[in-house]
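Per numbering that gives the first Met the number 0, the sequence shown runs over residues 0 to 337.
Every residue, glycine too, gets a C-beta built ideally from N, C-alpha and C.
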Amino acid sequence: MKKLIEKAEKLRKDGLFKDSLRLWKKIYKNALKSSDISITLDALIALGDLSRILGNFKNAIVYYEEAFEVAQALKDEICQADALVGIALSKKAMGQWKESLKFLVRARKIYEKHKDKKAIYFTLWAEGTVWRWGGRIRKSIECFKKALEGFSKLKDKEGIGYSCCGLGGSMRVYKDYVNSMKYYKRANEIFQKIGDKFGMAYSFCGIGNAYRMINDLKNAEKFFKKALNLYSKIGDIVSSSYTLWSMSMTCILKQDYKAALQYIERAEKNFKKCKDPRGLIYCKIQRGMFNYLSKRKKLAKKYFNEALIEADRHKFALEKKYAHDLLMGKYSLPYNIP
């Protein structure tokens, strides 16, 4: 069993998430047969993590909830908190960001009780991602900075890299494109050194978006393609779909509407598959822009209105503002969404 676990974790580290998932399922079955409750718990957490990364959020929550119950039986509070964080991140991805925060608060209290510094900083990073989805960008930046400071003290390169990515994204939305680029490039350097393929793809996309916002569309496309290439190897349909959306936005700015539509159709298909409401809202906004620029203003308003309704339903403040302002004609089109 030990060798199987080592192999599964190596596959995960190498970004081969589907292969790792298959192996962890085998480990889980073997652990149940041998009544090894400790390995069963490890397998459930791993299955939750991998299912979430691969966009199967409902399955991820089922695994995490079962892991939480096993951890309770073992009186393992740290693993209980790990499961809570997993549930939180899965719920965030499904648009339930307010619910997500409740789980993160519960987890952080456990980590603080046990003085698990790395886990505390990871929870702060997770809170940063959730606040960004909720449109509270300053709060998001504050959480990411605290996480970065903490991981820096621990000299945790992976934590530093992902905190920098978080700051890169929030700084872009805050329209601080210089610092957005700086943080993403710093993250990418770290991920290149430690061989984190997902981190490399994530930061490549971020660098591409930073270039997009300063209208360097050639470099934007270059880095988006690097990200998509890695994501295809990893099998991540969630993050890759946001990159497809970014490529679509870039094509609209270049007035290549045919390519823009192709990218948005691919992104939309994936967002529907993994039931990501935020991603679908951005696709509706993009379709609205595409139709407006193609002289189909009535259809454009329909998409902007649908995006507004969905953003309001999920309490996505930022996306609601974009959809509302586009519907009201407050932006000249094409509008380069941060």
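TODO: Consult DSSP for Ile213 and reduce its assignment to one of helix, strand or coil.
DONE: The answer is coil: DSSP assigns Ile213 none of H, G, I, E or B.
Task: Cβ pair count under 8 Å reaching 3, the stretch 203-221 against the stretch 177-189 - done: Counting Cβ pairs under 8 Å, three or more are found: they touch.
Task: Range covered by the alpha helix (DSSP H) that runs through Tyr241 - done: Element bounds for Tyr241: Ile236 to Leu252.
- [ ] Please state if the CB of Gly234 and the CB of Asp195 are separated by a distance shorter than 8 Å.
- [x] Taking 8 Å as the Cβ cut-off, Asp195 and Gly234 do not qualify as a contacting pair.
TODO: With DSSP collapsed to three states, give me the class of Phe315.
DONE: It is coil, neither helix nor strand.
Open item on the list: Please identify the residue among Gly85, Leu73, Lys24 and Cys78 whose C-alpha is closest to the C-alpha of Asp48.
Closed with: Considering only alpha carbons, the answer is Gly85.
Task: DSSP three-state assignment for Ser139, whether helix, strand or coil - done: Correct three-state label for Ser139: helix.
- [ ] Can you give me the Cβ contacts of Ala106 inside the same chain, cut-off strictly under 6 Å, excluding the 5 residues immediately before and after it?
- [x] The residues are Ala80, Leu83, Val84 and Thr122.
- [ ] Decide if the stretch 148-158 is in contact with the stretch 133-140; the criterion is three or more beta carbon pairs, one per stretch, under 8 Å apart.
- [x] With the rule of 3 Cβ pairs closer than 8 Å, the stretch 148-158 does not count as touching the stretch 133-140.
- [ ] Have a look at Met170 and Lys272 and give me their C-alpha separation to the nearest angstrom.
- [x] A straight-line Cα-Cα distance of about 29 Å links Met170 and Lys272.
- [ ] Determine the direct distance from the alpha carbon of Asp275 to that of Tyr302, and round the result to whole angstroms.
- [x] Answer to the nearest angstrom: the Cα atoms are 17 Å apart.
TODO: If I'm right that Tyr340 touches Leu43 with Cβ under 8 Å, what's the distance once you round it to whole angstroms?
DONE: This structure does not reach residue 340, given that the chain is present from 0 up to 337, and the question cannot be answered.
TODO: Pick helix, strand or coil for Ser19, following the three-state DSSP scheme.
DONE: Secondary structure of Ser19 (DSSP, three-state): helix.
Task: Neighbourhood of Glu111 by C-beta, 8 Å cutoff - its chain only, sequence neighbours within 5 removed - done: So the list reads Ile119, once near-sequence residues are dropped.
Open item on the list: Between Phe56, Lys101 and Glu188, which has its C-alpha nearest Lys156's C-alpha?
Closed with: Comparing Cα-Cα distances from Lys156 to each of Phe56, Lys101 and Glu188, the minimum goes to Glu188.
Open item on the list: Below 8 Å on the Cβ atoms is my contact criterion, and I expect Leu46 with Tyr27 to pass it. Report the Cβ-Cβ distance as a whole number of Å.
Closed with: Confirmed, about 6 Å.
Open item on the list: For Leu252 and Pro333, I'd like the C-alpha separation in whole angstroms.
Closed with: Rounded to the nearest whole angstrom, the C-alpha separation of Leu252 and Pro333 is 6 Å.
Open item on the list: Among the candidates Cys204, Ser50 and Lys296, whose CA atom is the shortest distance from the CA of Thr339?
Closed with: Outside the displayed span of the chain (0 to 337) sits residue 339, for which this structure offers no information.
TODO: Using 10 angstroms around the beta-carbon of Tyr291, count the other beta-carbons present and answer buried if the total reaches 16, otherwise exposed.
DONE: Around the CB of Tyr291, 16 or more other CB atoms lie within 10 Å, so the residue is classed as buried.
Open item on the list: With the cut-off set at 8 Å, would you say Ala200 and Ala219 are in Cβ contact?
Closed with: Note that the C-beta distance between Ala200 and Ala219 is not below 8 Å.
Task: Proximity below 8 Å, CB of Ala316 to CB of Gly133 - done: Between Ala316 and Gly133, the gap from beta carbon to beta carbon is short of 8 Å.
- [ ] Report the residue from Lys174, Lys184, Gly158 and Lys294 whose alpha carbon sits nearest the alpha carbon of Tyr256.
- [x] Of the listed residues, the one whose Cα sits closest to Tyr256 is Lys294.
Task: Beta-carbon spacing of Ala310, Ile336 below 8 Å - done: No, these two residues do not count as a Cβ contact at 8 Å.
Task: Distance, Gly127 Cα to Cys163 Cα - done: Whole-angstrom Cα-Cα distance: 11 Å.
Task: Beta-carbon gap between Arg131 and Val104 smaller than 8 Å - done: Result no, Cβ atoms of Arg131 and Val104 do not sit closer than 8 Å.
Task: Option in Asn304, Gly167, Ser239 and Gln254 with minimal Cα separation from Lys268 - done: When Asn304, Gly167, Ser239 and Gln254 are compared, the shortest CA-CA separation from Lys268 is found for Ser239.
Open item on the list: Quick check: what's the CA-CA separation for His113 versus Lys1?
Closed with: Distance between the alpha carbons of His113 and Lys1: 27 Å.
Open item on the list: Once the 5 residues before and after Ala349 are set aside, which same chain residues still bring their CB inside 8 Å of it?
Closed with: What is shown of the chain runs 0 to 337, which leaves residue 349 out entirely.
- [ ] Give a yes or no on whether the C-beta atoms belonging to Lys144 and Leu166 are separated by under 8 Å.
- [x] In this structure, Leu166 lies closer than 8 Å to Lys144 by Cβ.
- [ ] Can you give me the Cβ contacts of Asp115 inside the same chain, cut-off strictly under 7 Å, excluding the 5 residues immediately before and after it?
- [x] If we look at Asp115 and ignore the five residues flanking it on each side, its Cβ neighbours are Ile77.
Open item on the list: Within the continuous alpha helix (DSSP H) that includes Met288, where are the two ends?
Closed with: That run of the alpha helix (DSSP H) goes Pro276 to Leu292.
- [ ] Can you give me the Cβ contacts of Glu305 inside the same chain, cut-off strictly under 7 Å, excluding the 5 residues immediately before and after it?
- [x] Excluding residues within five positions, the ones whose Cβ falls inside 7 Å are Lys283.
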